[in-house]
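Accompanying notes for the structure given below.
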Amino acid sequence: MLVQKDFTLHYRYVHRDQADLSPKANLLQFAKEIAEWNDRCFPGWINRRLPAAALEDFNRCRICDIEVRQTSRHIAEVHLHMSLHQCPLCEYGAAESRLVRRHMKNNHKKKEIKGLEPIANVVEHRQRFSELHDRCFPGRPKRLSNITISDEGRRAKCRQCGATISRKRRLSHIFERHLKKPIYKCPKCPFNSQHDESTVEAHIADIHADIPNLKIICEAKKHKTQIEKFSALCFTDWKPTL
């Protein structure tokens, strides 16, 4: 396979009397075919070495005839008339999951939202997104996966035990698998849990229901040094907030 440097050497020795010659690039002519092979060989990657005109063509919605930077958001809001992320308890939606999470915290009761996450509509309606993506941006690699996973949901392998853990569960993983000390305690009896606060909450509600306003004792800060040590050993890109 010849690269531009090879052609330059060719001109220098074969066509030295035509100093103004330069290589002819076929990238734009075969941009669609190149994009298709990119998608097949390296799904999710956009070849940004294509000419600017080809990249602009990737960004233009064929239905609306406008240039779009956030393709999934454009498909959701303009063509499917929905938000990328939606509250699981009401009709509120937003382009970012953090905004939905803030809405849930401010507008719904704590016990209602416990264990719930914003709905990623690109996951719920993946087939419709995929079909519209092909109509709106033919030849452009699909990158829907980029918006389906929030930071909290991203998974990484623990460097100590090999378990694959989501970001939001890293702290409880360290408590359970590596620290192995009673972190959450009942204030009225010896009942405790190494990692599960909800277990102690359920215990208090069941066994000590007659005592109002009991609060769980959390001893995470007591073991802060050890927790930070394990976090550095287990997940090098993450620091816990205690």
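Numbering (the UniProt record's numbering), first residue to last: 1 to 242. Every residue gets a Cβ at the ideal spot worked out from N, C-alpha and C, and that includes glycine. From a predicted model like this one, the values you see are computed outputs, not experimental measurements.
Check whether residue i and residue j have beta carbons under 8 Å apart
i       : j       : result
Arg-73  : Leu-84  : yes
Arg-159 : Leu-233 : yes
Phe-129 : Ile-174 : no
Val-200 : Cys-186 : yes
Cys-136 : Arg-69  : no
Ala-220 : Ile-183 : yes
His-223 : Lys-181 : yes
Ala-156 : Arg-177 : no
Trp-238 : Arg-170 : yes
Coarse secondary structure for residue i, derived from DSSP in three states
i       : result
Glu-124 : helix
Ile-217 : strand
Glu-67  : strand
Arg-73  : helix
Ser-83  : coil
Ile-165 : strand
Ile-183 : coil
Asn-146 : Reliability fails at Asn-146, whose pLDDT of 43 lies under 50, so the model's placement of it is uncertain and the value that follows must be treated cautiously. Helix, per DSSP.
Trp-238 : coil
Arg-60  : strand
Ile-211 : coil
Phe-175 : helix
Burial state of residue i (16 or more Cβ within 10 Å)
i           : result
Leu-132     : buried
residue 249 : Not covered by the structure: residue 249. The range shown for the chain is 1 to 242.
Arg-98      : exposed
Gly-93      : buried
Cys-41      : exposed
Ile-227     : buried
Val-14      : exposed
residue 312 : This structure does not reach residue 312, given that the chain is present from 1 up to 242, and the question cannot be answered.
Ser-198     : exposed
Val-122     : buried
Cys-218     : exposed
Thr-236     : exposed
Ala-202     : exposed
Thr-241     : exposed
Thr-71      : buried
Cβ separation of residue i and residue j, assumed to be a contact under 8 Å, to the nearest whole Å
i       : j       : result
His-208 : Ser-172 : That pair is no contact at about 23 Å.
Pro-118 : Arg-102 : Actually they do not touch by this definition, with Cβ atoms about 10 Å apart.
Val-78  : Cys-64  : 7 Å
For residue i: DSSP bridge partner residues
i       : result
Gly-93  : Gln-86
Ser-193 : Tyr-184
Lys-157 : Thr-164
Ile-119 : Gln-86
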